[in-house]
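Enquirer: Provided herewith is a single structure, encoded as structure tokens, for subsequent inquiry.
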Amino acid sequence: GRKWTEVGALDADLADRAVLIRGVAQTIRAVGKKIAFVVVRQFTATVQCVLTVNEELVSPQMVKYATSLSRESIIDVEGVVSVPSEQIKGTTQQVEIQVRKLYCINRAVASLPINIEDAARSEEEIKEAEKVGEKLVRVNQDTRLNNRVLDLRTPANQAIFRLECSIENIFREFLRSEDFVGIHTPKLVAGSSEGGAAVFKLDYKGQPACLAQSPQLYKQMVICAGFGRVFEVGPVFRAEDSFTHRHLCEFIGLDVEMEIKEHYFEVIDIVDRLFVTIFDYLNEKCKKLLDAINKQYPFSPLKYLRKTLLLTFEEGVKMLKVAGVEVDPLGDLNTEAERKLGRLVLEKYDTEFYVLHRYPLAVRPFYTMPCPDNPLYSNSFDVFIRGEEIISGAQRVHIPDFLASRAEACGIDVSTISAYVDSFRYGACPHGGFGVGLERVVMLFCGLNNIRQTSLFPRDPQRLVP
Ligand code: 4AD
1 GRKWTEVGAL
11 DADLADRAVL
21 IRGVAQTIRA
31 VGKKIAFVVV
41 RQFTATVQCV
51 LTVNEELVSP
61 QMVKYATSLS
71 RESIIDVEGV
81 VSVPSEQIKG
91 TTQQVEIQVR
101 KLYCINRAVA
111 SLPINIEDAA
121 RSEEEIKEAE
131 KVGEKLVRVN
141 QDTRLNNRVL
151 DLRTPANQAI
161 FRLECSIENI
171 FREFLRSEDF
181 VGIHTPKLVA
191 GSSEGGAAVF
201 KLDYKGQPAC
211 LAQSPQLYKQ
221 MVICAGFGRV
231 FEVGPVFRAE
241 DSFTHRHLCE
251 FIGLDVEMEI
261 KEHYFEVIDI
271 VDRLFVTIFD
281 YLNEKCKKLL
291 DAINKQYPFS
301 PLKYLRKTLL
311 LTFEEGVKML
321 KVAGVEVDPL
331 GDLNTEAERK
341 LGRLVLEKYD
351 TEFYVLHRYP
361 LAVRPFYTMP
371 CPDNPLYSNS
381 FDVFIRGEEI
391 ISGAQRVHIP
401 DFLASRAEAC
411 GIDVSTISAY
421 VDSFRYGACP
431 HGGFGVGLER
441 VVMLFCGLNN
451 IRQTSLFPRD
461 PQRLVP
């Protein structure tokens, strides 16, 4: 095959060399009949390709053909790399290509529901353009999501999903290096695991069933089966009617469950080292991706400590109280209080990533282990980025009769989860784990304000298509 060059790899080191690229024709501009400029985009990178009529290589017909291309058509360009005297406006690469050959591989329709250049502008760029009276279309979220295949072509979106892939990979690699086993638990299940109402019900060959709200019960059963340490990456389904910036009806859960030898801090230690590894990797190895996101959605780099801050729920409540925010010391924190606490923590400890633990037992799921020294609290934790929850986790109850009584106390009909409870009757070790919402991690790391931006084809209470 021929040698292809990535648009993002085009630089001055390739000056005077012949290259072959494939991308989409982002913009096409003619200057008279003898020159045409085609900006070619591939992933997050753009380069200007210049066609100049000359006797041997570029005919006037070829320039005409180039200017007749429709935007977003797929094209192959062969040409020679040249270094212009100054950076070309609106492209990411420092070099140009002097075109020798140009082929259209597949033509896009002439009228597109979204103009990618418009969709890729930052708020600041939009305001500037409006100031000078430039005609442009603001692309709202519904239009973007209705035309997601086009919307996903913006450099920021290309970068968001590459970042997401990296996080998933590091999650797996880190846990594999710590002797965790990757597992897959069923998504077609008989009942809820995180709370009764919010499940998608379905008919399983005449039996009532639903889509799994989390791998919770099954990942614990795998621990009962003697796997020691497990993780899962998979879809999680929540039918809750939360139409907010951070709730989806289907999201990707990164789940962990592990034996505890002495203390549930062993679970928190995994969270700490896993996330410091993830954040370091993103900052050190994904600069180009972060730049592409930053260009459209400017954000400040996440502040995190080498050793993750661990605060108790009681300490959090106290910090809020001192700041004039009263919350129920045995209740849950609402979104607003969580945000406020995030700001207080940032001021006091200079971190936007921290763990809050020892939650009141009453606000945690039935499978959560109470604190041995005070049963009003529990061996459980939430983890926050920029004041919003990305993880919840805990030590679990591994004593079967106690587990059954906890389920009953939480209003769960124990007969519906007897296989789960019985799993603990055959010898089950102390264990704990946590669940991470992948889309939330990407959203909050990048300071984005809507989880729909970090889900390829988001599912929310109002959206099932595309
Ligand atoms: O807090 P959740 O519901 O906890 C569980 O599912 C437990 N089984 C986890 C455990 O191992 N103890 O969900 C875990 C994480 C949340 O912290 C949040 O990041 C994300 O999943 N999440 C959602 N993300 C998007 N849309 C939703 N509707 C979400 N609900 C939870």
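Read in my numbering, the sequence shown has 271 at position 271, and its numbers run on one by one without any break.
No residue lacks a Cβ here, since even glycine has one placed at the ideal position from N, Cα and C.
Here the structure is a predicted model, which means the values were calculated and not measured.
Nearer than 8 Å: is that true of the beta carbon of H245 relative to any heavy atom of the ligand 4AD?
Expert: Residue 245 sits at position 245 when you count from the first residue of the sequence shown. No, the ligand 4AD has no heavy atom inside 8 Å of this Cβ.
Enquirer: Three or more beta-carbon pairs under 8 Å between the stretch 166-179 and the stretch 304-315, yes or no?
Expert: Not touching, per the Cβ criterion.
Enquirer: Determine the contact status of V38 and I88, defining contact as a CB-CB distance below 9 Å.
Expert: Residue numbering aside, residue 38 sits at position 38 when the sequence shown is read from its first letter. Residue numbering aside, residue 88 sits at position 88 when the sequence shown is read from its first letter. No, the pair does not count as a contact, with Cβ atoms beyond the cut-off.
Enquirer: With 9 Å set as the bound, which would you pick, yes or no: does the beta-carbon of M258 sit closer than that to a beta-carbon of chain D?
Expert: The chain inventory of the structure shown lacks chain D, comprising one protein chain alone.
Enquirer: By the 10 Å Cβ neighbour count, where 16 or more other Cβ atoms means buried, how is K303 classified, buried or exposed?
Expert: Here residue 303 is taken as the residue at index 303 of the sequence shown, counted from 1. Exposed, by the Cβ-count rule.
Enquirer: Measuring only from the beta carbon, is F434 closer than 8 Å to any heavy atom that is part of the ligand 4AD?
Expert: Residue numbering aside, residue 434 sits at position 434 when the sequence shown is read from its first letter. At least one heavy atom of the ligand 4AD is nearer than 8 Å to the Cβ of F434, so yes.
Enquirer: Kindly indicate the opening and closing residues of the beta strand (DSSP E) around Y204.
Expert: In the sequence shown, the residue the question calls residue 204 occupies position 204. Unbroken beta strand (DSSP E) run through Y204: K201 to Y204.
Enquirer: Count the other CB atoms, across all protein chains shown, that sit within 10 Å of the CB of V204; report buried if there are 16 or more and exposed otherwise.
Expert: For the purposes of this step, residue 204 is taken as residue 204 along the sequence shown, with counting starting at 1. In the sequence as presented, Val is not what sits at residue 204; that position holds Tyr. Under this definition Y204 is an exposed residue.
Enquirer: Is F231 near F200, with beta carbons less than 9 Å apart?
Expert: What you label residue 231 is simply residue 231 of the sequence shown in a count that begins at 1. What you label residue 200 is simply residue 200 of the sequence shown in a count that begins at 1. Not in contact: F231 and F200 (Cβ atoms no closer than 9 Å).
Enquirer: By Cβ distance below 6 Å, which residues in the same chain neighbour Y218 in space, the five residues on each side in sequence not counted?
Expert: For the purposes of this step, residue 218 is taken as residue 218 along the sequence shown, with counting starting at 1. Excluding sequence neighbours, Y218 sits near T185.
Enquirer: Straight-line CA distance for P113 to R107?
Expert: As a position in the sequence shown, residue 113 is number 113, starting the count at 1. As a position in the sequence shown, residue 107 is number 107, starting the count at 1. Going by the C-alpha atoms only, they are around 15 Å apart.
Enquirer: Please state whether DSSP places P208 in a helix, a strand or coil.
Expert: Sequence index remark: in the sequence shown, residue 208 carries index 208 (1-based). The answer is strand: DSSP assigns P208 an E or B state.
Enquirer: Please name the residue in A12, G191 and V441 whose C-alpha comes closest to that of S85.
Expert: Residue 85 sits at position 85 when you count from the first residue of the sequence shown. Ranking the options by Cα distance to S85, first place goes to A12.
Enquirer: Going by alpha carbons, who is nearest to L254 out of F227, E314 and Q216?
Expert: Indexing the sequence shown from 1 puts residue 254 at position 254. The option with the nearest alpha carbon to L254 is Q216.
Enquirer: If you drop the 5 nearest sequence neighbours on each side, which residues of the same chain put their C-beta closer than 6 Å to that of E389?
Expert: Walking along the sequence shown from the start, residue 389 turns up at place 389. These residues qualify, in order along the chain: D382.
Enquirer: Starting from F37, trace the beta strand (DSSP E) both ways and give me its first and last residue.
Expert: Reading the sequence shown from its first residue, position 37 is the one you call residue 37. Its beta strand (DSSP E) spans residues I35 to Q42.
Enquirer: Would you list the one or two residues that DSSP bridges to T46?
Expert: Translated into the one-based positions of the sequence shown, residue 46 becomes position 46. Answer is R41, bridged to T46.
Enquirer: Taking the CB atoms as reference points, tell me whether A25 and V40 lie closer together than 9 Å.
Expert: Position 25 of the sequence shown, counting from 1, holds the residue named residue 25. Position 40 of the sequence shown, counting from 1, holds the residue named residue 40. Yes.
Enquirer: Ends of the beta strand (DSSP E) at A25?
Expert: Within the sequence shown, residue 25 is the residue found at index 25, counting from 1. First-last of the beta strand (DSSP E) with A25: A18 to V31.
Enquirer: In whole angstroms, what separates the C-alpha of E314 from that of L211?
Expert: Taking the first residue of the sequence shown as 1, we reach residue 314 at position 314. Taking the first residue of the sequence shown as 1, we reach residue 211 at position 211. C-alpha separation (whole angstroms): 36 Å.
Enquirer: Would you tell me roughly how many angstroms separate the C-alpha atoms of G437 and V222, rounded to the nearest one?
Expert: Start at 1 with the first residue of the sequence shown, and residue 437 comes out as number 437. Start at 1 with the first residue of the sequence shown, and residue 222 comes out as number 222. Straight-line Cα distance between these residues: approximately 21 Å.
Enquirer: Using a Cβ-Cβ cutoff of less than 8 Å, which residues in the same chain neighbour R121 once the five nearest sequence positions on both sides are dropped?
Expert: Position 121 of the sequence shown, counted from the first residue, corresponds to residue 121. A129, L136 and Q296, listed in sequence order.
Enquirer: Taking S166 as part of the alpha helix (DSSP H), name the residues at either end of that continuous run.
Expert: Locating residue 166 in the sequence shown gives position 166, where the first residue counts as 1. P155 to S177 is the span of the alpha helix (DSSP H), which, as asked, contains S166.
Enquirer: Just reading off the alpha helix (DSSP H) that L146 is part of, what are its end residues?
Expert: Within the sequence shown, numbered from 1, the residue matching residue 146 stands at position 146. The amino acid at residue 146 is misidentified as Leu; the sequence shows Asn. Run containing N146: Q141 to N146, per the alpha helix (DSSP H) assignment.
Enquirer: Just grab the DSSP bridge partners of L14 for me.
Expert: As a position in the sequence shown, residue 14 is number 14, starting the count at 1. None; L14 has no bridge partner.
Enquirer: Work out the CA separation of R162 and I105 for me, nearest whole Å.
Expert: As a first step, residue 105 must be located in the sequence shown, where it is residue number 105. As a first step, residue 162 must be located in the sequence shown, where it is residue number 162. Taking the straight line from one Cα to the other gives about 25 Å.
Enquirer: To the nearest angstrom, how far is the alpha carbon of F366 from that of E408?
Expert: Sequence index remark: in the sequence shown, residue 366 carries index 366 (1-based). Sequence index remark: in the sequence shown, residue 408 carries index 408 (1-based). Answer to the nearest angstrom: the Cα atoms are 8 Å apart.
Enquirer: Do you know offhand how far I21's Cα is from T5's?
Expert: Position 21 of the sequence shown, counting from 1, holds the residue named residue 21. Position 5 of the sequence shown, counting from 1, holds the residue named residue 5. I21 and T5: Cα-Cα distance of roughly 5 Å.
Enquirer: For a minimum of 3 consecutive residues, which ranges assigned as the beta strand (DSSP E) are wholly contained in the stretch 399-430?
Expert: If we require 3 residues or more, the stretch 399-430 turns out to have no beta strand (DSSP E) run fully inside it.
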